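Enquirer:
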Amino acid sequence: TNVLGFSLLGVLTMIFSIGVFRSKELNKLGKFSALFISITGLLMYLVGIFYCDVGCNNYSMIGEIHEMVSTSGQVQVLAVGYILFAFSVYNHKKLKFLTPLILFLGVITLILAYYTAFYQGYIPYPGILQRSAIGLPYIIMAIIAFSMYRLEGWNFFSF
Numbered sequence: 029t030n031v032l033g034f035s036l037l038g039v040l041t042m043i044f045s046i047g048v049f050r051s052k053e054l055n056k057l058g059k060f061s062a063l064f065i066s067i068t069g070l071l072m073y074l075v076g077i078f079y080c081d082v083g084c085n086n087y088s089m090i091g092e093i094h095e096m097v098s099t100s101g102q103v104q105v106l107a108v109g110y111i112l113f114a115f116s117v118y119n120h121k122k123l124k125f126l127t128p129l130i131l132f133l134g135v136i137t138l139i140l141a142y143y144t145a146f147y148q149g150y151i152p153y154p155g156i157l158q159r160s161a162i163g164l165p166y167i168i169m170a171i172i173a174f175s176m177y178r179l180e181g182w183n184f185f186s187f
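Under our numbering, the final residue of the sequence shown carries the number 187; numbering is consecutive throughout.
#1: Do the CB positions of Gly76 and Leu40 come within less than 9 Å of each other?
#2: Give the DSSP-derived three-state secondary structure of Thr29 in the structure shown.
#3: Thr29 to His94, Cα distance in whole Å?
#4: Thinking C-alpha only, which one of Ile65, Phe132, Gly47, Val31 is nearest Ala173?
#5: In three-state terms, what does DSSP make of Leu54?
#6: Look at Leu63 and Ser100 and say whether their C-beta atoms are less than 9 Å apart.
#7: With distance defined between alpha-carbon atoms, name the residue in Tyr118, Thr137, Arg50 nearest to Pro128.
#8: Threshold first: 3 residues or longer. Then list the beta strand (DSSP E) segments lying entirely within the region 119–179, N to C.
#9: For Ser88, which three-state DSSP category applies?
#10: In chain order, what residues of the same chain have a beta carbon less than 8 Å from the beta carbon of Ile151, not counting five sequence neighbours either side?
#11: With H, G and I counted as helix, E and B as strand and the rest as coil, what does DSSP make of Val117?
#12: Let me know if Val97 comes out buried or exposed under the rule of 16 or more other beta-carbons within 10 Å of its beta-carbon.
#13: Is the beta carbon of Val108 sitting closer than 9 Å to the one on Ala141?
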């Protein structure tokens, strides 16, 4: 499930970044945010391809690569992309409602990511915390995608 789930999520994130870049509603800063979103998608794809060893002890080269790409700051890179996106739509008539929503949920995501990566105390269910830190940004992405789709009436087949 790790290979399919994370890799598919990475590919879908990269596809989303293409839509952000191609949007006629966004300024240059919004289009630049697509670069950070795309990098996050690539890292997520690599997390799926290079899976964790048994028990995540990472004694093989594949496990080491998994460790490297999974701890390379995906959440932080995506946060930069979202912050740039939020500021790019700050004055947009129909998308400005996204700015406080992205910033609010983004702060929660960064707090969860901090506890997942650096908290030394006991966490009873660390997997739930980790999945929340991963999942919340994708909820934000779904809200952005739905809002932009409604606004542009974009057709997937209009490449």
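Just so it is clear, CB atoms sit at the ideal spot from N, CA and C, and this is done for glycine as well.
Remember, predicted model here, so these are calculated numbers, not experimental data.
Expert: Quick answer:
#1: No, Cβ-Cβ distance for Gly76 and Leu40 is not below 9 Å.
#2: Annotation note: pLDDT 45 at Thr29 (below 50); position unreliable, no value reported.
#3: Reliability of the predicted coordinates at Thr29 is poor, the pLDDT of 45 falling under 50, and the value obtained from them is presented with this limitation in mind. Whole-angstrom Cα-Cα distance: 15 Å.
#4: Among Ile65, Phe132, Gly47, Val31, the Cα nearest to that of Ala173 is on Gly47.
#5: Three-state DSSP puts Leu54 in coil, outside helix and strand.
#6: Between Leu63 and Ser100, the C-beta spacing is not below 9 Å.
#7: With distances taken between Cα atoms, Pro128 lies closest to Tyr118.
#8: Listed in chain order, nothing qualifies, since the region 119–179 has no complete beta strand (DSSP E) run of 3 or more residues.
#9: Residue state for Ser88 is assigned as coil, using DSSP reduced to three classes.
#10: Closer than 8 Å at the Cβ level, and outside the excluded window around Ile151, lie Tyr143, Leu157.
#11: Residue state, collapsed to three classes: coil.
#12: With 16 or more other Cβ atoms within 10 Å, it is buried.
#13: Not a contact, by the Cβ cut-off of 9 Å.
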